[in-house]
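One structure is given below, encoded as structure tokens.
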Amino acid sequence: MPSDNTLYLVSVVATAWAVTFALRALPFLIFAGRNRPLPRAVERFGALVSPVIIAGLIVYSYTGLEWRTAWPYVAGALTVGLQLWKGNPLSSILAGTAVYMMLLAATGCAAVPVEHLESKASRPLVRVTTRGIRFQGQPVAPDEVVKLLEKNGVPKDQTLHVLVDEDFDDARALWVFQHNYLNRGGYTKALMMVGARRTLSGDARLKESETDGKVIPYPQLYTTP
Amino acid sequence: MNSLPVLMGYLTMGFAAGVLLAVKALVPYAPLWSAILAFSAISGTLSFAIVPAIAASDPFYSIAVLTFAVNFRYAFYGFSMLGRWRGLPLLQKWFLVHSLADEIYALDVACKIPDPRKNRYYCLWNHALCAAYWVVGSTAGALAGAALPIPSRGIEFAMVALFLVIFTDQMKGLVKNHAV
Chain A
17 MPSDNTLYLV
27 SVVATAWAVT
37 FALRALPFLI
47 FAGRNRPLPR
57 AVERFGALVS
67 PVIIAGLIVY
77 SYTGLEWRTA
87 WPYVAGALTV
97 GLQLWKGNPL
107 SSILAGTAVY
117 MMLLAATGCA
127 AVPVEHLESK
137 ASRPLVRVTT
147 RGIRFQGQPV
157 APDEVVKLLE
167 KNGVPKDQTL
177 HVLVDEDFDD
187 ARALWVFQHN
197 YLNRGGYTKA
207 LMMVGARRTL
217 SGDARLKESE
227 TDGKVIPYPQ
237 LYTTP
Chain B
41 MNSLPVLMGY
51 LTMGFAAGVL
61 LAVKALVPYA
71 PLWSAILAFS
81 AISGTLSFAI
91 VPAIAASDPF
101 YSIAVLTFAV
111 NFRYAFYGFS
121 MLGRWRGLPL
131 LQKWFLVHSL
141 ADEIYALDVA
151 CKIPDPRKNR
161 YYCLWNHALC
171 AAYWVVGSTA
181 GALAGAALPI
191 PSRGIEFAMV
201 ALFLVIFTDQ
211 MKGLVKNHAV
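For the record, the sequence lines run as chains A and B.
Sequential numbering from 17 applies to the first sequence in our numbering.
Sequential numbering from 41 applies to the second sequence in our numbering.
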């Protein structure tokens with residue numbers, strides 16, 4: 017972890033302080049010794065530039081969320097709606113964040129740092145693709161997965177890493193797979209790793225040839241066992 | 041005191057920022073750094089926005105650009121305080137400028153005490169109390185985040201929510217003043 021570095025953190029804090037203080041002190045420097053009102057043009061500029069910067073930050077920070085799912089937009093609409101309605105920043109922020117966290121927890125889409133994936137799960141046994149579920153590269157039906165995991169002696173008390181293809185965007189199907197199949201089969205610690213295909217190596221990078229012939233379409237996931 | 045709403049807001053937002061720093065940036069001695077960061081740049085937006093940057097070990101010049109973008113609005117707050125704070129001792133003035141954050145500024149502006157000396161006295165107390173709430177909240181949050189297994193998945197939305205709230209209020213203000 018590079019942020020262990022005390023010197024680095026000192027530089028971060030010093031930079032943050034220096035820039036913030038300089039910005040806050042700017043008017044006092046410009047108008048030192050003079051006492052006159054702010055020019056109208058500067059006032060208007062300030063009133064317009066701030067929202068533009070904040071809007072840019074909103075767009076940028078969405079890329080750090082699960083932006084391929086609907087949840088950040090649902091939670092965002094709720095936050096803005098509450099703020100327009102009640103005007104209480106604290107409750108708007110808390111409600112939006114709580115709803116976002118609950119939606120993520122319910123759908124099982126995990127945002128896992130890449131280095132975490134590479135060290136712990138570079139060879140996941142189970143992979144969810146848009147064309148069905150694979151077990152060690154072989155197409156299988158959802159209800160076969162637990163049997164195969166048990167047959168291979170995969171422990172139920174440890175985290176089971178499941179690779180979900182980046183283009184698999186059906187959150188409901190994923191939820192059904194995790195809860196109705198894996199969890200009911202005793203694998204309660206399933207970690208659904210979304211969009212990790214490009215970062216993985218070796219066995220996880222499956223070739224199309226491995227799937228030839230037998231393709232099990234994912235709508236089968238909807239059938240409960 | 042008038043700072044009671046800010047007390048609730050700063051303690052809670054500081055707490056959230058502290059938790060975020062502890063669980064997302066994985067900083068060692070998170071409560072200490074959270075306190076230092078909270079006091080050195082009394083800025084809620086920055087305390088949230090800086091977390092991903094620290095987690096990615098961004099160099100100091102990236103931090104400088106980020107800070108500049110996030111806190112650009114502060115450059116406009118001082119203008120309305122120029123006359124009121126004229127002639128204060130340097131250390132006091134320095135502290136007032138140092139802690140000129142959104143809510144604190146709003147309370148300063150709302151203060152209508154005509155006597156200049158009492159008015160400055162009010163500003164100093166307001167800044168000191170609010171800064172203290174913010175530091176206490178941030179430290180407590182980082183302590184909790186470092187010690188407890190807080191479910192953290194998705195907690196980063198708090199930052200986006202803060203931006204959305206600021207943006208919504210700015211839009212409300214613009215529409216109200218017919219500035220657009």
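No residue lacks a Cβ here, since even glycine has one placed at the ideal position from N, Cα and C.
Model, not experiment: these values are computed from the prediction.
For residue i, count the other beta carbons within 10 Å of its own beta carbon; 16 or more makes it buried, fewer makes it exposed. Which is it?
i: residue 149 of chain B; result: exposed
i: residue 116 of chain A; result: buried
i: residue 142 of chain B; result: buried
i: residue 173 of chain B; result: buried
i: residue 21 of chain A; result: exposed
i: residue 146 of chain A; result: exposed
i: residue 140 of chain A; result: buried
i: residue 67 of chain A; result: buried
i: residue 111 of chain B; result: buried
i: residue 99 of chain A; result: buried
i: residue 217 of chain B; result: exposed
i: residue 197 of chain A; result: buried
i: residue 113 of chain B; result: buried
i: residue 168 of chain A; result: exposed
i: residue 15 of chain A; result: An answer regarding residue 15 of chain A cannot be provided, because it is not within the stretch 17 to 241 covered by chain A.
i: residue 119 of chain B; result: buried
Helix, strand or coil, according to DSSP, for residue i in the structure here?
i: residue 8 of chain A; result: Nothing in the structure corresponds to residue 8 of chain A, since chain A is present only between 17 and 241.
i: residue 85 of chain A; result: coil
i: residue 184 of chain A; result: coil
i: residue 99 of chain A; result: helix
i: residue 91 of chain B; result: helix
i: residue 176 of chain A; result: strand
i: residue 152 of chain A; result: coil
i: residue 9 of chain B; result: Any answer about residue 9 of chain B is impossible in this case: the structure gives chain B only from 41 up to 220.
i: residue 40 of chain A; result: helix
i: residue 79 of chain A; result: coil
i: residue 99 of chain B; result: coil
i: residue 127 of chain B; result: coil
i: residue 157 of chain A; result: coil
i: residue 188 of chain B; result: coil
i: residue 67 of chain B; result: coil
i: residue 67 of chain A; result: helix
i: residue 28 of chain A; result: helix
i: residue 149 of chain B; result: helix
i: residue 82 of chain B; result: coil
i: residue 194 of chain B; result: coil
i: residue 60 of chain A; result: helix
i: residue 57 of chain B; result: helix
i: residue 200 of chain A; result: coil
i: residue 22 of chain B; result: The structure shown does not extend to residue 22 of chain B, since chain B spans only 41 to 220, so no value can be given for it.
i: residue 177 of chain B; result: helix
i: residue 104 of chain B; result: helix
In terms of DSSP beta bridges, what is residue i paired with?
i: residue 154 of chain B; result: The partner list for residue 154 of chain B (beta bridge, DSSP) is empty, contrary to what the question assumes.
i: residue 207 of chain A; result: A:177
Name the two residues that bound the continuous alpha helix (DSSP H) containing residue i.
i: residue 145 of chain A; result: That residue, residue 145 of chain A, is in no alpha helix (DSSP H); its beta strand (DSSP E) goes 142-145.
i: residue 119 of chain A; result: 105-123
i: residue 136 of chain B; result: 130-138
i: residue 201 of chain B; result: 197-217
Give the C-beta separation of residue i and residue j to the nearest angstrom, bearing in mind that I take them to be a contact with Cβ-Cβ under 8 angstroms.
i: residue 177 of chain B; j: residue 55 of chain B; result: 5 angstroms
i: residue 136 of chain B; j: residue 164 of chain B; result: 7 angstroms
i: residue 77 of chain B; j: residue 29 of chain A; result: 6 angstroms
i: residue 49 of chain B; j: residue 106 of chain A; result: 5 angstroms
i: residue 203 of chain B; j: residue 77 of chain A; result: 6 angstroms
i: residue 74 of chain B; j: residue 181 of chain B; result: 7 angstroms
i: residue 94 of chain B; j: residue 63 of chain B; result: That pair is no contact at about 12 angstroms.
i: residue 52 of chain B; j: residue 96 of chain A; result: So it is not a contact: roughly 19 angstroms between Cβ atoms.
i: residue 115 of chain B; j: residue 42 of chain A; result: 5 angstroms
Taking C-beta pairs closer than 7 angstroms, name the residues in chain E that residue i reaches, listed in chain order.
i: residue 144 of chain B; result: Structure shown: chain E not included; protein chains present are A and B.
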